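Colleague: The sequence shown runs 4 to 379 under my numbering. Built from N, CA and C at the ideal position, the CB exists for glycine as well. Quick caveat: nothing in here was measured; it's all calculated off a predicted structure.
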Amino acid sequence: MSIVFSPASIGTMKLKNRFVRSATWENLATDTGHMTEKLYAVYEQLAQGDVGLIVTGYANIVAEEKPNAGMMGMYDDSFIPEYKKLTDLVQRHGAKIVMQLAYGGTKTTYNLGERVIFAPSAVAERSTQTLGKEMTTAEIDYIVNAFAQASLRAKLAGFDGVEIHAAHTYLINQFLSPYYNQRKDQYGGSLDNRLRFLVEIYQAIRKQVGAEHPILVKLTASEFFTGGLTFNETRQICKKLKALGVDAIIISGNNHGNANTLIGQSFDGHTIQQEGYFREYGAVISNDIDIPVITVGGLSDIHAIEDLAATTNIKFFALSRPLLAEPQLIKRWAQGNNNQVDCERCSKCRTKRGNFCVVFKPRKPSSGLRTRIGQR
Ligand SMILES: Cc1cc2nc3c(=O)[nH]c(=O)nc-3n(C[C@H](O)[C@H](O)[C@H](O)COP(=O)(O)O)c2cc1C
């Protein structure tokens, strides 16, 4: 049997295969972030489709701030019973589920003017031009504590672990970045100082959830622009996080929406790839540290994934858009149906009615047929 369908572990978490549903905001929660029947159905389908580890869409940790509509929430205890139902539903099918926790920050144009948006410094986000409020140390402590409390709730709700979203220009990523972080205090300047916010979040979470509970961190390989976080710095960050006890690291890119347009370009000595955009970066880090490294971005060919598993130390393979088009994809591959994936990476999957594949109808589990929406 191919290595990608064999069991593996992240810390104490035993997984039935090497496939991860990368965190995917579904835009299907209520206005206050609570679960809906549609959301339960999305997760049950993924679990039935043999995904080894499902990472939830990003969940907001404080009630007053969220970067997008329809996000899941984890900002108070009222969520615990409904997430218990979710974790039971998923685990019943032999899958594991981790909650991704995030503070958004200025990479948003959602409900601007209605809330204060925190940032390390008053530097506008490059794509949205949204300007945030430079955080005081009391506000930093408040967010650190909010991550820890949300993580404890996730553990109480039966999640198998938590993932800290430190990528994609959200708040933690901005602290790491020499471009967004212009602070003159102990949270800015040297790499150790820029890393301090993430380290404090990690340590506060660890204190709440205990030594055995898996904590994953999603990082950006590089910011891919001059003056931004470099891959060399990310390598150092990974080594420090490993030393602190982080259980796994997901190596992503700064702007997944633009990854397609960067294919073939080289940054920091490595190239963005067509199949597995950030695989070269993940492969280097998988040689630097001896905790599991997960690669994400543009994976769609089972043969290429198997090749990566055989030729690098990357241990897990995360997919987002292909699983929106085909929640049963991993099961299909496991059954030997290696036909091309439906996902065309068109990234039209974000809609006001929820995030789903607008091109293909999900295949029926028993059917090998692809059905384009609008075609019968
Ligand atoms: C609709 C949509 C929602 C996403 N939501 C999140 C999210 O909540 N958290 C996160 O870290 N990444 C999120 N991503 C990024 C994915 O996890 C992933 O890194 C990216 O799509 C590249 O993987 P893919 O090529 O398999 O789609 C989202 C992507 C899409 C398309």
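(1) Would you call the CB atoms of residue 357 and residue 142 closer than 8 Å?
(2) With a 10 Å radius around its C-beta and 16 neighbouring C-beta atoms as the bar for buried, classify residue 176 as buried or exposed.
(3) Is any heavy atom of ligand 1 found at a distance shorter than 7 Å from the C-beta of residue 300?
(4) Over what stretch of residues does the alpha helix (DSSP H) that includes residue 2 continue unbroken?
(5) Measuring CB to CB, does residue 240 end up less than 8 Å from residue 222?
(6) Could you tell me the boundaries of the beta strand (DSSP E) in which residue 150 lies?
(7) Grab the span of the alpha helix (DSSP H) containing residue 200 for me, first residue to last.
(8) Helix or strand or just coil, what does DSSP make of residue 236?
(9) From this set, 224, 146, 333, 305, which residue's C-alpha is nearest residue 273's C-alpha?
(10) What do you get for residue 285, buried or exposed, if any count of 16 or more other CB atoms within 10 angstroms of its CB means buried?
(11) Which residues bound the alpha helix (DSSP H) around residue 178?
(12) Hey, could you find the ends of the alpha helix (DSSP H) residue 124 is sitting in?
(13) Buried or exposed: residue 281, going by 16 or more other Cβ atoms within 10 Å of its Cβ?
(14) Would you say residue 55 touches ligand 1, meaning its beta carbon is less than 7 Å from a heavy atom?
(15) My output table needs one value for residue 353: the three-state DSSP class, helix, strand or coil.
(16) I'd like the ranges of any beta strand (DSSP E) spanning at least 3 consecutive residues and lying wholly in the segment 242-317.
(17) Answer yes or no: do residue 182 and residue 230 have a C-beta to C-beta separation smaller than 8 Å?
(18) If I measure Cβ to Cβ from residue 72 and keep anything under 7 Å in the same chain, skipping five residues before and after, which residues do I get?
(19) I'd like to confirm the pairing. Which residues does DSSP put opposite residue 17 in its beta bridges?
(20) Helix, strand or coil for residue 26 per DSSP?
(21) Grab me the residues of residue 198's own chain with a C-beta within less than 7 Å of its C-beta, minus the 5 sequence neighbours each way, in chain order.
(22) Just to check, is the beta-carbon of residue 103 closer than 7 Å to a non-hydrogen atom of ligand 3?
(23) At a cut-off of 7 Å, is residue 325 close to ligand 1 when judged by its beta-carbon and the heavy atoms of the ligand?
Modeller: Taking the coordinates as given:
(1) To locate residue 357, count along the sequence shown from 1; it is residue 354. To locate residue 142, count along the sequence shown from 1; it is residue 139. The answer is no: Cβ separation not under 8 Å.
(2) For the purposes of this step, residue 176 is taken as the residue at position 173 of the sequence shown. Its Cβ being crowded by 16 or more others within 10 Å, residue 176 is buried.
(3) On the sequence shown, position 297 is the one that residue 300 refers to. Result yes, Cβ under 7 Å from ligand 1.
(4) No answer is possible for residue 2: it lies beyond the span of the chain, which begins at 4 and ends at 379.
(5) Here residue 240 refers to the residue found at position 237 of the sequence shown. Here residue 222 refers to the residue found at position 219 of the sequence shown. Yes, these two residues count as a Cβ contact at 8 Å.
(6) For the purposes of this step, residue 150 is taken as residue 147 along the sequence shown, with counting starting at 1. Element bounds for residue 150: not the beta strand (DSSP E) but the alpha helix (DSSP H), 140-159.
(7) Taking the first residue of the sequence shown as 1, we reach residue 200 at position 197. 194-212 is the extent of the alpha helix (DSSP H) around residue 200.
(8) Taking the sequence shown and counting its residues from 1, one reaches residue 236 at position 233. Helix.
(9) Taking the sequence shown and counting its residues from 1, one reaches residue 273 at position 270. Looking at the Cα atoms, 224 is the closest of the given residues.
(10) Within the sequence shown, numbered from 1, the residue matching residue 285 stands at position 282. When all chains shown are included, residue 285 counts as buried.
(11) Taking the first residue of the sequence shown as 1, we reach residue 178 at position 175. From DSSP, the alpha helix (DSSP H) with residue 178 extends over 174-179.
(12) Looking up residue 124 in the sequence shown gives position 121. No alpha helix (DSSP H) holds residue 124; DSSP gives it neither H nor E.
(13) Counted from its first residue, the sequence shown places residue 281 at position 278. The residue in question, residue 281, is buried, as its Cβ has 16 or more Cβ neighbours within 10 Å.
(14) Residue 55 sits at position 52 when you count from the first residue of the sequence shown. Checking every heavy atom of ligand 1 against the Cβ of residue 55, none is found closer than 7 Å.
(15) Indexing the sequence shown from 1 puts residue 353 at position 350. Correct three-state label for residue 353: strand.
(16) 251-255, 296-299
(17) For the purposes of this step, residue 182 is taken as the residue at position 179 of the sequence shown. For the purposes of this step, residue 230 is taken as the residue at position 227 of the sequence shown. A contact, by the Cβ cut-off of 8 Å.
(18) Sequence index remark: in the sequence shown, residue 72 carries index 69 (1-based). Only 30, 113 meet the Cβ criterion.
(19) The residue you call residue 17 lines up with position 14 of the sequence shown. Partner(s): 12.
(20) Start at 1 with the first residue of the sequence shown, and residue 26 comes out as number 23. Residue 26: coil per DSSP, three-state reduction.
(21) The sequence position of residue 198 within the sequence shown is 195, counting from 1. Within the same chain, residue 198 has close Cβ partners 179, 240, 243.
(22) As presented, the structure is devoid of ligand 3, carrying ligand 1 as its sole ligands.
(23) Position 322 of the sequence shown, counted from the start, is the residue given in the question as residue 325. Residue 325: yes, Cβ under 7 Å from ligand 1.
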